[in-house]
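Undergrad: Residue numbers (the numbering used here): 50 to 498. Before we start, here is the structure in question, set down as structure tokens.
As structure tokens, this is what we get:
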């Protein structure tokens, strides 16, 4: 019998690691067995059929290969001694009960595995906010596991157990549908990792777990609301937060990118200035023209700080923004629809209660489309990899167009909640097409200090 180990390259995982198989050749037969080990090409010694020392835990991994080789050789020898005609199928069957009867440690708890998974993601360079979502799912599993009478392992987490978790989220915690979907979204890759990287037995196919998101209407400011915010007289401690929010309304920046802006991001372009940066969330590069209102805010804070624009913790800015928008009169009612505990809940909420730093990005996108910016151009400015993401804003604008046309042709009272009309002079300044003139926003003169 000749036994060797080979690294298959046809089914790499997301990190490029491939499975290692035992290949036994005997009496014209060929048996292939999975070792449940994986490695990168740089961690495998093809000549010696063993793991290189560069693999973390290589000594233990090579010990697994040696033990499996001895087990196969012993089983083959015992079958021949008993007068059995040994085929690949017979040898594989003979090995199965021996492996099952081995003195294996108990399967790890599902929650312990999830904790290890988060540490793996951290080591692979996943960002803080991404890890935060996984920690939320981990805490949810810990809470759910405490309600069960026994141990919860991957082998126990079957479709019925998954439904139990969803029921716990909806009925016990009263979670909204998108909170439930967020937990499922994090559990799916974790289970796949537990199976592929840790060799755990699963009782459910992660690919079949459905993530059902509920469409939430995006909150954005109308041109009139934006003008009110620009002109609002505010306490001194709120002015900088208002200015940072407006700057994002003029540029479409996320909070994370605003907080990281530095002088190296500002470039001269055709008599004006542009922002050129790599987005923190997606690692994609974007180039954004600085319209006069945006440039004025940039100049206002020039030389006063290390970063270009004022910013503090996102949660703090969101809290201040609600107060700012209330003082500015952003009080139109918005219907909030949520599925909580399996029931559809509808309630009217003043818009100022829903405003956050990310509302600025929605405002920029919607107002840009209202002004006539092509969706393809907006996609580049926002840094979306898929145009379908940008088309969500196009749908919002389409609804407004229908409302305006109905009001004009049918005399309906339907229209923007604040009664403002959609006119070019009221629209937030946006990135122009090449060679076009640059508009301004009414009230975009320097905000009150």
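Using N, Cα and C, we set each Cβ at its ideal position, and we do this for glycine too. Treat the numbers as computed from the prediction; the structure is a model and nothing was measured.
Please classify residue 51 as buried or exposed, where buried requires at least 16 other C-beta atoms within 10 Å of its C-beta.
TA: Here the question's residue 51 lines up with position 2 in the chain shown. Result: exposed.
Undergrad: Assuming residue 304 and residue 242 are in contact, meaning their beta carbons sit under 8 Å apart, how far apart are those beta carbons, in whole angstroms?
TA: Taking the chain shown and counting its residues from 1, one reaches residue 304 at position 255. Taking the chain shown and counting its residues from 1, one reaches residue 242 at position 193. In fact, because the Cβ distance is near 30 Å, the residues do not count as touching under 8 Å.
Undergrad: From the DSSP output, in three-state form, read off residue 154 for me.
TA: By one-based count along the chain shown, residue 154 stands at place 105. In the structure shown, residue 154 sits in coil (DSSP, three-state: anything other than H, G, I, E or B).
Undergrad: For the alpha helix (DSSP H) holding residue 210, just list the boundary residues, first then last.
TA: In the chain shown, counting from the first residue as 1, residue 210 sits at position 161. Unbroken alpha helix (DSSP H) run through residue 210: 208-216.
Undergrad: Over what stretch of residues does the alpha helix (DSSP H) that includes residue 324 continue unbroken?
TA: For the purposes of this step, residue 324 is taken as residue 275 along the chain shown, with counting starting at 1. Premise fails: residue 324 lies in the beta strand (DSSP E), 321-327, not in any alpha helix (DSSP H).
Undergrad: Is the stretch 275-291 touching the stretch 321-331, taking contact as three or more C-beta pairs under 8 Å?
TA: no
Undergrad: Residue 312: buried (16+ other C-beta within 10 angstroms of its C-beta) or exposed?
TA: For the purposes of this step, residue 312 is identified with residue 263 of the chain shown, where counting begins at 1. Exposed, by the Cβ-count rule.
Undergrad: Can you look up residue 436 in the DSSP assignment and give me helix, strand or coil?
TA: Locating residue 436 in the chain shown gives position 387, where the first residue counts as 1. Looking at residue 436 - three-state DSSP - the assignment turns out to be helix.
Undergrad: Could you give the residue range of the alpha helix (DSSP H) that holds residue 405?
TA: Against the chain shown, residue 405 aligns to sequence position 356. It is not in any alpha helix (DSSP H) - residue 405 carries neither H nor E in the DSSP assignment.
Undergrad: Contact between the stretch 373-383 and the stretch 399-411 is defined here as three or more beta-carbon pairs at a separation below 8 Å; is this criterion met?
TA: yes
Undergrad: Can you give the Cα-Cα distance for residue 344 and residue 392, rounded to whole angstroms?
TA: As a working mapping, residue 344 is identified with position 295 in the chain shown. As a working mapping, residue 392 is identified with position 343 in the chain shown. Cα-Cα distance, rounded: 47 Å.
Undergrad: Just how far apart, CA to CA, sit residue 341 and residue 273?
TA: Within the chain shown, residue 341 is the residue found at index 292, counting from 1. Within the chain shown, residue 273 is the residue found at index 224, counting from 1. The alpha-carbon separation between residue 341 and residue 273 amounts to approximately 18 Å.
Undergrad: From residue 510 to residue 452, what does the alpha carbon distance come to, in whole angstroms?
TA: With the chain represented from 50 up to 498, any question about residue 510 goes unanswered, as that position is not in the structure.
Undergrad: Buried or exposed for residue 177, going by 16 or more other Cβ atoms inside 10 Å?
TA: Here residue 177 corresponds to residue number 128 of the chain shown, with the count starting at 1. The residue in question, residue 177, is exposed, as its Cβ has fewer than 16 Cβ neighbours within 10 Å.
Undergrad: Check this for me: beta carbons of residue 395 and residue 383, under 8 Å apart or not?
TA: Numbered from its first residue, the chain shown carries residue 395 at position 346. Numbered from its first residue, the chain shown carries residue 383 at position 334. Cβ distance not < 8 Å, so residue 395 and residue 383 don't count as in contact.
Undergrad: Less than 8 Å between C-beta atoms, sequence neighbours within five positions excluded: which residues of the same chain meet that for residue 79?
TA: Your numbering for residue 79 matches position 30 in the chain shown. Apart from the 5 residues on each side of it in sequence, residue 79 sits with its Cβ closer than 8 Å to the Cβ of 72, 73, 137 in its chain, given in chain order.
Undergrad: My understanding is that residue 292 touches residue 346, with C-beta atoms under 8 Å, so please give their C-beta distance in whole angstroms.
TA: Mapped onto the chain shown, residue 292 falls at position 243. Mapped onto the chain shown, residue 346 falls at position 297. 5 Å between Cβ atoms; contact.
Undergrad: In angstroms with no decimal places, state the Cα-to-Cα distance between residue 174 and residue 183.
TA: Position 125 of the chain shown, counting from 1, holds the residue named residue 174. Position 134 of the chain shown, counting from 1, holds the residue named residue 183. Roughly 14 Å separates the two Cα atoms.
Undergrad: Please determine, among 260, 259, 271, 410, the residue with the shortest C-alpha to C-alpha distance to residue 299.
TA: Position 250 of the chain shown, counting from 1, holds the residue named residue 299. Nearest option by C-alpha distance: 410.
Undergrad: Determine the direct distance from the alpha carbon of residue 227 to that of residue 187, and round the result to whole angstroms.
TA: Counting from 1 along the chain shown, the entry for residue 187 is found at position 138. Counting from 1 along the chain shown, the entry for residue 227 is found at position 178. Roughly 17 Å between the two C-alpha positions.
Undergrad: How do the stretch 248-264 and the stretch 423-440 stand: do at least 3 beta-carbon pairs fall below 8 Å, yes or no?
TA: no
Undergrad: What's the C-alpha gap between residue 523 and residue 99?
TA: Only positions 50 to 498 of the chain appear in this structure, which leaves residue 523 out of reach.
Undergrad: Give the secondary structure of residue 318 by DSSP, where H, G and I count as helix, E and B as strand, and everything else as coil.
TA: As a position in the chain shown, residue 318 is number 269, starting the count at 1. In the structure shown, residue 318 falls within a strand segment according to DSSP collapsed to helix, strand and coil.
Undergrad: Along the chain, where does the beta strand (DSSP E) containing residue 86 start, and where does it finish?
TA: The count along the chain shown starts at 1 and reaches residue 86 at position 37. Residue 86 -> beta strand (DSSP E) spans 78-88.
Undergrad: Just to confirm my understanding: we take residue 255, look at its own chain, exclude 5 residues before and 5 after, and list those with CB closer than 7 Å. What are they?
TA: Translated into the one-based positions of the chain shown, residue 255 becomes position 206. Counting only Cβ-Cβ distances below 7 Å, and skipping sequence neighbours, we find 237, 240, 241.
Undergrad: Going by C-alpha distance, which of 198, 231, 206 is nearest residue 156?
TA: Here residue 156 corresponds to residue number 107 of the chain shown, with the count starting at 1. Closest by alpha carbon: 206.
Undergrad: For a test of the three-state rule: what should DSSP assign to residue 94, helix, strand or coil?
TA: The residue you call residue 94 lines up with position 45 of the chain shown. Correct three-state label for residue 94: strand.
Undergrad: Looking at the ligand SAM, does it come within less than 7 Å of residue 445, judged from the CB to the closest heavy atom?
TA: This structure simply doesn't include the ligand SAM, nor any ligand for that matter.
Undergrad: How many Å lie between residue 63 and residue 170 at the Cα?
TA: The residue given as residue 63 occupies position 14 in the chain shown. The residue given as residue 170 occupies position 121 in the chain shown. For residue 63 and residue 170, the gap between their C-alpha atoms comes out near 12 Å.
Undergrad: Along the chain, where does the alpha helix (DSSP H) that runs through residue 193 open and close?
TA: Position 144 of the chain shown, counted from the first residue, corresponds to residue 193. 177-194 is the span of the alpha helix (DSSP H), which, as asked, contains residue 193.
Undergrad: Could you say which of 455, 430, 114, 308 lies nearest to residue 366 if we only look at CA atoms?
TA: In the chain shown, the residue the question calls residue 366 occupies position 317. The closest CA to that of residue 366, considering only 455, 430, 114, 308, is found on 308.
Undergrad: Assign residue 134 to one of two classes, buried (16 or more other C-beta atoms within 10 Å of its C-beta) or exposed (fewer than that).
TA: Taking the chain shown and counting its residues from 1, one reaches residue 134 at position 85. By the 10 Å Cβ count, residue 134 comes out exposed.
Undergrad: Evaluate residue 66 with the Cβ neighbour count: other Cβ atoms within 10 Å of its Cβ, from every protein chain shown; 16 or more gives buried, anything less gives exposed.
TA: What you label residue 66 is simply residue 17 of the chain shown in a count that begins at 1. Buried, since its Cβ has 16 or more Cβ neighbours within 10 Å.
Undergrad: Run through DSSP, which three-state label would residue 74 get?
TA: As a position in the chain shown, residue 74 is number 25, starting the count at 1. Reduced to three states, the DSSP call for residue 74 is strand.
Undergrad: Within 10 Å of its beta-carbon, does residue 454 have 16 or more other beta-carbons around it, so buried, or fewer, so exposed?
TA: On the chain shown, residue 454 is found 405 positions in, with the first residue counted as 1. Under this definition residue 454 is an exposed residue.
Undergrad: What is the DSSP secondary structure of residue 249, reduced to helix, strand or coil?
TA: Counting from one through the chain shown, the residue named residue 249 turns up at place 200. Residue state, collapsed to three classes: coil.
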